[in-house]
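Participant: Under the numbering used here, the first residue of the sequence shown is numbered 243, with each subsequent residue one higher. I have a structure here, written as structure tokens, and I will follow up with some questions on it.
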Amino acid sequence: GKANLAPPAPTPPPPPPPGARLIDVTEIETRIEKLVAGGDGLARFQGVPVFIPRSAPGDLVRARIVERKPDYGRAEIVQILEPGPDRRPDPVPELSRSSICDLQHLEDDVQTRLKVQAVRETLEHLGHVMVPPDVEIIKGEPWGYRLRTQVHTEADPATGGIRVGYHARGTNDLIAVSRCPLLVPELEELLRELPAHLGETAPPRIDLAAGDGGAVTVSPVVEGLPHGEVSTRVGEITYAYDARCFFQAHRGLLPRLVEVTVGSWTGETAVDLYAGVGLFSLPLARRYAQVTAVESDQIGSRYARLNVRRNHAANVEVVNQVVESWVRKMPEGLDRVIVDPPRGGLSRDVRNALMDRPPQRLTYVSCHPAALARDLRTLQKVYRIESFVFFDLFPQTGHMETVVQMVRGTGEP
């Protein structure tokens, strides 16, 4: 048989001259110090931070500079000269170029530890918030957990068919995939079947979602595939949604996320801002006399109303309105507010409303540490932070969810 010869290593560029700046070089040799929030590795060139995706602490890499800013740069790995101690071979090599598996090169437990460390540093550095050393960290299955995904399509000139997959990191180049072990098994099966159902008028983007009992749904409509509502039971509550809705994606962690966020507190009035299909609103309704769920997305609020009706939660009012608009008239003296904003965090209008008319208890569910840090820095003037809980809702990626419980009236002077 043929000899199994490795391809020759590319010839490295000459080392940069002494005193060279980032603007003067195209490639650097550098060692990764640590992971930062979002999952990139941090290295330095002449003291300037350089962020490198898919790197591991301790890696010695040759990296190509792809973006230069006055105070930092971004690069991509050309060659791993020496792997760090926690690096492993990618379990799903075909997803290595996509951003949905950015951390699969790290051992599962190491990922969680490094992500918590990165969120902690972001909160302390940007928000001046000290996170206790014994903070609770909740994690579930590292694979086969995702209830939702979005795939892209393109014509395959070689076969005349349609290719389905994910975009390569930072581009619109399609990586065709027939498996994605991040997904719950029934969704991965749907991913495999999808190309056979698509013709030349295939939509460029397709959302897939799973519910209980093996049910799956796609949007937009694809002939021959299920479309419309699925449902998931969390505790004693059943939530209906479809592939267009936002719904937390880690099947195994939904009960704990609801339990930790809603807690055992009770009272008269509670508000759930960015309520989605009512994931937190409905359990709140069992602990508060009157709940208002505010959701700007029309489809999400339609399902929230449906879920209120089906779960007989007569004390929940669903308001289909942009949160910034609703908070202008937010009442004073609320017992409880939960916020679960998109990546950008709370806008100034929402922060101001929560400062001017603070509820007794504020719960912040965040998917973006830098936005959370900025918001907590302001909110601490009116609230005392009671606890943090970290949820690894997206294993194999750089994302880490944080749930912060705060109480009114004992913030900084």
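Using N, Cα and C, we set each Cβ at its ideal position, and we do this for glycine too.
Are there 16 or more other CB atoms within 10 angstroms of the CB of Asn553, so buried, or fewer, so exposed?
Facilitator: Burial call: buried.
Participant: Considering Thr354, what are the terminal residues of the alpha helix (DSSP H) in which it resides?
Facilitator: Counting along the chain, the alpha helix (DSSP H) containing Thr354 begins and ends at 350-369.
Participant: Considering only residues of the same chain and omitting the five flanking positions on each side of Gly470, which have a CB-CB separation below 7 angstroms?
Facilitator: Only Thr459, Asp484 meet the Cβ criterion.
Participant: Considering only the alpha carbon of each residue, which of Ile380, Lys381, Glu366 lies closest to Pro374?
Facilitator: Pro374 has its Cα closest to that of Glu366, out of Ile380, Lys381, Glu366.
Participant: Runs of 3 residues minimum, wholly inside the segment 471-534: which ones carry the beta strand (DSSP E) assignment?
Facilitator: Listed in chain order, they are 472-476, 479-483, 509-515.
Participant: Are the segment 574-590 and the segment 498-517 touching by the rule of at least three beta carbon pairs closer than 8 angstroms?
Facilitator: Yes, the segment 574-590 is in contact with the segment 498-517.
Participant: Quick one: what does DSSP say Tyr314 is sitting in, helix, strand or coil?
Facilitator: Note: Tyr314 maps to coil in three-state DSSP.
Participant: Going by CA-CA distance only, name the one from Tyr625, Pro446, Gln321, Gln647 that's closest to Asn594.
Facilitator: For the residues Tyr625, Pro446, Gln321, Gln647, the minimum Cα distance to Asn594 belongs to Tyr625.
Participant: Please classify Met372 as buried or exposed, where buried requires at least 16 neighbouring CB atoms within 10 angstroms.
Facilitator: Exposed, since its Cβ has fewer than 16 Cβ neighbours within 10 Å.
Participant: Buried or exposed: Ile265, going by 16 or more other Cβ atoms within 10 Å of its Cβ?
Facilitator: Ile265 is exposed by the Cβ-count criterion.
Participant: Less than 8 angstroms between the CB atoms is what I'm expecting for Arg306 and Val290, so what's the real figure, rounded?
Facilitator: No, Arg306 and Val290 are not in contact; Cβ-Cβ is about 16 angstroms, not under 8 angstroms.
Participant: On the DSSP bridge assignment, give the partners of Val458 in chain order.
Facilitator: Val458 pairs with Ala452.
Participant: Taking only runs of the beta strand (DSSP E) that begin and end inside the segment 542-590, which ones reach a length of at least 3 residues, in chain order?
Facilitator: Complete beta strand (DSSP E) runs here, min 3: 558-561, 578-581.
Participant: In this structure, how does DSSP classify Ser340 when only helix, strand and coil are distinguished?
Facilitator: Strand.
Participant: Going by DSSP, what residue range makes up the beta strand (DSSP E) through Pro291?
Facilitator: Segment 290-294, the beta strand (DSSP E) holding Pro291.
Participant: Look at the Cβ atom of Leu429, then the Cβ atom of Arg475, and state whether they are nearer than 8 angstroms.
Facilitator: No, they are not a contact pair.
Participant: Along the beta strand (DSSP E) that carries Leu416, what are the first and last residues, could you check?
Facilitator: Run containing Leu416: 416-418, per the beta strand (DSSP E) assignment.
Participant: Applying the 10 Å Cβ sphere with the 16-neighbour rule, what's the burial state of Pro335?
Facilitator: Label assigned to Pro335: exposed.
Participant: One question on the structure: do Val406 and Leu436 come within less than 8 angstroms of each other, judged by their Cβ atoms?
Facilitator: Taking 8 angstroms as the Cβ cut-off, Val406 and Leu436 qualify as a contacting pair.
Participant: Please classify Met597: does DSSP put it in a helix, a strand, or coil?
Facilitator: Residue state, collapsed to three classes: helix.
Participant: Does the beta-carbon distance from Val472 to Gly494 come in below 8 angstroms?
Facilitator: No, the Cβ-Cβ distance between Val472 and Gly494 is not below 8 angstroms.
Participant: Touching or not, the segment 348-355 and the segment 392-410, by the rule of three or more beta carbon pairs under 8 angstroms?
Facilitator: Because the criterion of three Cβ pairs below 8 angstroms is not met, the segment 348-355 and the segment 392-410 do not touch.
Participant: Would you report the Cα separation of Arg362 and Phe633, rounded to the nearest angstrom?
Facilitator: When rounded, the distance between both Cα atoms is 13 angstroms.
Participant: Could you pull out every residue in the same chain whose Cβ sits closer than 8 angstroms to the Cβ of Cys343, ignoring the five residues on either side in sequence?
Facilitator: Contacts found: Asp332, Val334, Leu337, Leu424, Gln638, Thr639.
Participant: Nearest to Gln392 by CA position, among Arg447, Val649, Leu521, Leu576, is which residue?
Facilitator: Here the closest residue by C-alpha is Arg447.
Participant: Got a sec? Which residues, its chain only, sit under 7 angstroms from Val500 by beta carbon, not counting five neighbours each side?
Facilitator: If we look at Val500 and ignore the five residues flanking it on each side, its Cβ neighbours are Val476, Gly477, Leu521, Phe522, Pro525.
Participant: Should Gln540 go down as buried or exposed, given a rule of 16 or more other Cβ atoms within 10 Å for buried?
Facilitator: Gln540 comes out exposed.
Participant: Judging by CA-CA distance, which residue of Leu284, Leu348, Arg263 is the nearest neighbour of Arg310?
Facilitator: Per the Cα distances, Arg263.
Participant: For Val565, I'd like the list of residues in its chain whose CB is within less than 7 angstroms of its CB, leaving aside the five on either flank, ordered along the chain.
Facilitator: The answer, listed in chain order, is Leu515, Tyr516, Val536, Ser538, Val592.
Participant: Hey, out of Gly651, Gln647, Met648, Leu635, whose CA is closest to Arg390's CA?
Facilitator: For the residues Gly651, Gln647, Met648, Leu635, the minimum Cα distance to Arg390 belongs to Leu635.
Participant: At what residues does the beta strand (DSSP E) containing Thr639 begin and finish?
Facilitator: Note, Thr639: premise wrong, no beta strand (DSSP E); not H, not E.
Participant: According to DSSP, Thr274 sits in a beta bridge with which residue or residues?
Facilitator: Note that residue 274 is Ile in the sequence shown here, rather than Thr. Answer by DSSP bridge pairing: none, since Ile274 is not bridged.
Participant: Is Gln540 helix, strand or coil by DSSP?
Facilitator: Gln540 falls in the helix class under three-state DSSP.
Participant: By DSSP's criteria, Val645 is part of a beta bridge. Which residues make up the other side?
Facilitator: Its beta-bridge partners are Val607, Val631.
Participant: Would you decide whether Val463 is buried or exposed? Buried here means 16 or more other CB atoms lie within 10 Å of its CB.
Facilitator: Its Cβ having fewer than 16 others within 10 Å, Val463 is exposed.
Participant: In the structure shown, what three-state DSSP assignment does Trp385 receive?
Facilitator: In this structure, Trp385 counts as coil in the three-state DSSP scheme.
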